[in-house]
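Enquirer:
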Amino acid sequence: MGIASLILGICSIVFCWFPYLGLFLGIGGIILGAIGKKNGGVAQAGMIVSIIGTAITTISWIACVACALSL
Amino acid sequence: MYPFINIFAAKLPSYGLCMLIGMALVVIMATRKGKKYDVIFDQVIVVAAMGVLFALVCGTLLFYVVTYSLSDIINMISEGNFDFLKSPGIVFYGGLIGGIAGVLLSLKITKLNIQTVENLFVPYVPLGHAIGRVGCALAGCCHGMEYDGPLAVYYPNSVTGLPPDVGYFPVQFLEAFLDVLIAAWLVYYCKKERRKFDVLFMYLFLYAIMRFITELFRGDAVRGVYFGISTSQWISIAIVAVCILRIVFVKFVKKDRLQIDE
Numbered sequence: 001m002g003i004a005s006l007i008l009g010i011c012s013i014v015f016c017w018f019p020y021l022g023l024f025l026g027i028g029g030i031i032l033g034a035i036g037k038k039n040g041g042v043a044q045a046g047m048i049v050s051i052i053g054t055a056i057t058t059i060s061w062i063a064c065v066a067c068a069l070s071l
Numbered sequence: 072m073y074p075f076i077n078i079f080a081a082k083l084p085s086y087g088l089c090m091l092i093g094m095a096l097v098v099i100m101a102t103r104k105g106k107k108y109d110v111i112f113d114q115v116i117v118v119a120a121m122g123v124l125f126a127l128v129c130g131t132l133l134f135y136v137v138t139y140s141l142s143d144i145i146n147m148i149s150e151g152n153f154d155f156l157k158s159p160g161i162v163f164y165g166g167l168i169g170g171i172a173g174v175l176l177s178l179k180i181t182k183l184n185i186q187t188v189e190n191l192f193v194p195y196v197p198l199g200h201a202i203g204r205v206g207c208a209l210a211g212c213c214h215g216m217e218y219d220g221p222l223a224v225y226y227p228n229s230v231t232g233l234p235p236d237v238g239y240f241p242v243q244f245l246e247a248f249l250d251v252l253i254a255a256w257l258v259y260y261c262k263k264e265r266r267k268f269d270v271l272f273m274y275l276f277l278y279a280i281m282r283f284i285t286e287l288f289r290g291d292a293v294r295g296v297y298f299g300i301s302t303s304q305w306i307s308i309a310i311v312a313v314c315i316l317r318i319v320f321v322k323f324v325k326k327d328r329l330q331i332d333e
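Top line first, the protein sequences correspond to chains C and S. Numbering-wise, the first sequence is residues 1 to 71 according to the working numbering. Numbering-wise, the second sequence is residues 72 to 333 according to the working numbering.
1. CB residue 30 (chain C) to CB residue 116 (chain S), shorter than 9 Å?
2. So residue 80 (chain S) contacts chain C; which residues on that side make the cut at Cβ distance below 8 Å?
3. Relative to the C-alpha of residue 26 (chain C), which residue among C:1, C:48, C:61 is closest?
4. Are any of the Cβ atoms in chain S nearer than 9 Å to that of residue 1 (chain C)?
5. Could you say if the stretch 179 to 191 of chain S and the stretch 126 to 143 of chain S meet the contact criterion of at least three C-beta pairs nearer than 8 Å?
6. Taking residue 96 (chain S) as the reference, give the member of S:130, S:194, S:73 with the closest Cα.
7. Got a sec, what are the start and stop residues for the alpha helix (DSSP H) residue 104 (chain S) sits in?
8. I want to see whether chain D comes within less than 9 Å of residue 61 (chain C), judged by CB atoms only; does it?
9. By alpha-carbon positions, which one of S:114, S:150, S:199 ends up nearest to residue 253 (chain S)?
10. Restricting to Cα atoms, I'd like to know which of S:285, S:104, S:90, S:129 is closest to residue 249 (chain S).
11. Is DSSP giving residue 165 (chain S) helix, strand or coil here?
12. Go through the stretch 286 to 320 of chain S residue by residue and report every complete run of the alpha helix (DSSP H) that reaches 4 residues or more, in order.
13. At least one CB of chain S closer than 9 Å to the CB of residue 12 (chain C): is that the case?
14. Can you pull the chain S residues whose beta carbon is under 7 Å from the beta carbon of residue 23 (chain C), in chain order?
15. Of the choices C:44, C:5, C:15, C:40, whose alpha-carbon is the least far from that of residue 60 (chain C)?
16. Exposed or buried, residue 335 (chain S), counting other C-beta atoms within 10 Å across all chains shown (16 or more means buried)?
17. Straight-line CA distance for residue 69 (chain C) to residue 109 (chain S)?
18. With 16 as the cutoff for other CB atoms within 10 Å, does residue 297 (chain S) come out buried or exposed?
19. Hey, quick one: how far does the alpha helix (DSSP H) through residue 152 (chain S) stretch, first residue to last?
20. Taking C-beta pairs closer than 7 Å, name the residues in chain C that residue 180 (chain S) reaches, listed in chain order.
21. What residues in its chain sit with their C-beta under 7 Å from that of residue 169 (chain S), if we drop five residues either side in the sequence?
22. In angstroms, rounded to a whole number, what distance separates the CA positions of residue 83 (chain S) and residue 76 (chain S)?
23. Where residue 34 (chain C) and residue 237 (chain S) are concerned, what is the direct C-alpha to C-alpha distance, given to the nearest angstrom?
24. Quick check on residue 204 (chain S): does DSSP put it in helix, strand or coil?
25. Which of the three DSSP states is assigned to residue 184 (chain S) in this structure?
26. Express the C-alpha separation of residue 242 (chain S) and residue 167 (chain S) in angstroms, rounding to a whole number.
27. Under 8 Å by Cβ, that's how I've got residue 23 (chain C) and residue 57 (chain C) pegged, so tell me the actual separation to the nearest angstrom.
28. Do you know how far the Cα of residue 3 (chain C) is from the Cα of residue 259 (chain S)?
29. Can a CB atom of chain S be found closer than 9 Å to the CB of residue 27 (chain C)?
30. Taking the beta strand (DSSP E) that residue 75 (chain S) falls in, what are its first and last residues?
31. Go ahead and pull the three-state DSSP assignment for residue 333 (chain S).
32. When DSSP labels each residue in this structure, what does residue 189 (chain S) get in the three-state scheme?
33. Output yes if chain S places a C-beta closer than 9 Å to the C-beta of residue 52 (chain C); else output no.
Okay, structure coming up:
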C-alpha cells in the first residue's frame, strides 16, 4: 500500500497539468498513504508526495470548472 | 482583477491558490478541533480526501450522463473518439451526493462516528468555500450582473475575457461574506444539543437559501434557466424541501433523542 501510494504521488506530480488526472492520482495516493502509514516509512513518504502533487495540481486551476468550460 | 499573483519568481493562478488555501484551512481547522476528540491527522486527511475524491467522481459522471446519452458515449468510444474526456465538468448535485457518500464510506476506514466528523468538518467547509469565492473574484469568474453603483467591481484582465470598462455586482464577495456568517453560526450550533446529521442539514439549508438569493445577482449566464428560475435555484428549492421533510420525519415519525457531545 505504501509503494502504491508513492507511485500515485509521483504520477500526480508528473500529471499535474491535467487537472482531473492529477487530482485523482494525488487524492488516491493520500488515502493509501494514510491507511498504510502504520506499516512503514514508504507509506508516509507516499502520503507527503501525494499531498504535494495534489497541491500543485490544485494551484494550476485558473478558474472554476463551469467558467473554465466557457473559456 | 488579479487572475495571477507573483510569488518570488513564480506566476501563480490566484483561483488555484485560493482553492488550495481553502482546502488546507478546512483540514487544519478539523485537525485542531480533532485533538479534543482524539482524532489524528491521518483520520482527518482520509475523510477529507475520500469526500473530495467521491465528489469529483460522482459530479463528473453525472455531468457526462446529463450531457451525453449512454448510446452517444458507447458510439464515441467504439469509434476511438475520446474528445469528450477533454472537457469534463462537475454537476453540483452529483458532487454533493458523492462527497457525502465518500465521507460516510471513510467512517468505515477511520472508525469515526458521523457526529464527530460533522463537528470537525461541516462548520469549516463554508470558510473554505468563502476563500474559494474570493479566488473566483480575483480570476473574474462566477461574476455578478452588470452594475454601476457603489462597490462595483471591474475586471481589466479576467480569465473569462470580460470587458474591462464594465462594472459588475460584487456577488462573489457577497457570497464569501455570507459563507463566513454561516460558518460562525455552525460553530455556535455545534455546541448546542442536536441529533445525528443536524449540523449537515443545517448547513445545506442555510447554503441553499443563501445560494437562491445570491443567484439573483449572478451575471454569468452559462447555466440553464427553466420557468424563469436558474438550475442552481431549482437545486436550492429541492434541498430546502428535503431539509423540511427531514425535520418533519425526525420530529413526528422517528422522535430521535437530542444529545450533546461537547
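Ideal Cβ placement from N, Cα and C applies to all residues, glycine included.
Expert: Considering the structure as presented:
1. Result yes, Cβ atoms of residue 30 (chain C) and residue 116 (chain S) sit closer than 9 Å.
2. Contact of residue 80 (chain S) with chain C by beta-carbon distance below 8 Å is absent, the smallest such distance being about 15 Å.
3. Checked all of C:1, C:48, C:61; the closest Cα to residue 26 (chain C) is C:48.
4. Taking Cβ atoms only, chain S never reaches closer than 9 Å to residue 1 (chain C), which makes this a no.
5. No, because fewer than three Cβ pairs between the stretch 179 to 191 of chain S and the stretch 126 to 143 of chain S fall closer than 8 Å, the two stretches do not touch.
6. Per the Cα distances, S:194.
7. Element bounds for residue 104 (chain S): 85 to 105.
8. Here the protein chains are C and S, and chain D is not one of them.
9. Here the closest residue by C-alpha is S:199.
10. The candidate whose alpha carbon is nearest that of residue 249 (chain S) is S:285.
11. DSSP, reduced to helix, strand and coil, places residue 165 (chain S) within a helical segment of the structure shown.
12. Listed in chain order, the complete alpha helix (DSSP H) runs (minimum 4 residues) inside the stretch 286 to 320 of chain S are 302 to 319.
13. Closer than 9 Å: no.
14. Proximity of chain S to residue 23 (chain C) at the Cβ level (cut-off 7 Å) is accounted for by 127, in chain order.
15. Ranking C:44, C:5, C:15, C:40 by Cα distance to residue 60 (chain C) puts C:15 first.
16. With chain S represented from 72 up to 333, any question about residue 335 (chain S) goes unanswered, as that position is not in the structure.
17. Here the model assigns residue 69 (chain C) a pLDDT of 47, short of 50, so the residue's position is not dependable and the matter cannot be decided.
18. Exposed: under 16 other Cβ atoms inside 10 Å.
19. Neither: residue 152 (chain S) is in no alpha helix (DSSP H) and is coded neither H nor E.
20. Within chain C, the residues near residue 180 (chain S) are 35.
21. 125, 126, 128, 129, 130, listed in sequence order.
22. Taking C-alpha positions only, residue 83 (chain S) is separated from residue 76 (chain S) by approximately 5 Å.
23. Separation of residue 34 (chain C) and residue 237 (chain S) (C-alpha to C-alpha, rounded to the nearest whole angstrom) is 48 Å.
24. The answer is helix: DSSP assigns residue 204 (chain S) an H, G or I state.
25. Residue 184 (chain S) sits in coil when the DSSP states are folded into three classes, being neither helix nor strand.
26. Per the coordinates, the alpha-carbon of residue 167 (chain S) lies some 22 Å from the alpha-carbon of residue 242 (chain S).
27. Between residue 57 (chain C) and residue 23 (chain C) the Cβ distance is about 5 Å, and since that is below 8 Å, they are a contact.
28. The alpha-carbon of residue 259 (chain S) is positioned some 43 Å away from that of residue 3 (chain C).
29. Chain S, which has a Cβ nearer than 9 Å to the Cβ of residue 27 (chain C), makes this yes.
30. The continuous beta strand (DSSP E) containing residue 75 (chain S) extends over residues 75 to 78.
31. For residue 333 (chain S), the pLDDT reaches just 49, beneath the cut-off of 50, and the residue's location in the model is therefore unreliable, although a value from the coordinates is still provided. Looking at residue 333 (chain S) - three-state DSSP - the assignment turns out to be coil, as it is neither helix nor strand.
32. Of the three classes helix, strand and coil, the one that applies to residue 189 (chain S) here is helix, per DSSP.
33. Residue 52 (chain C) does not count as touching chain S.
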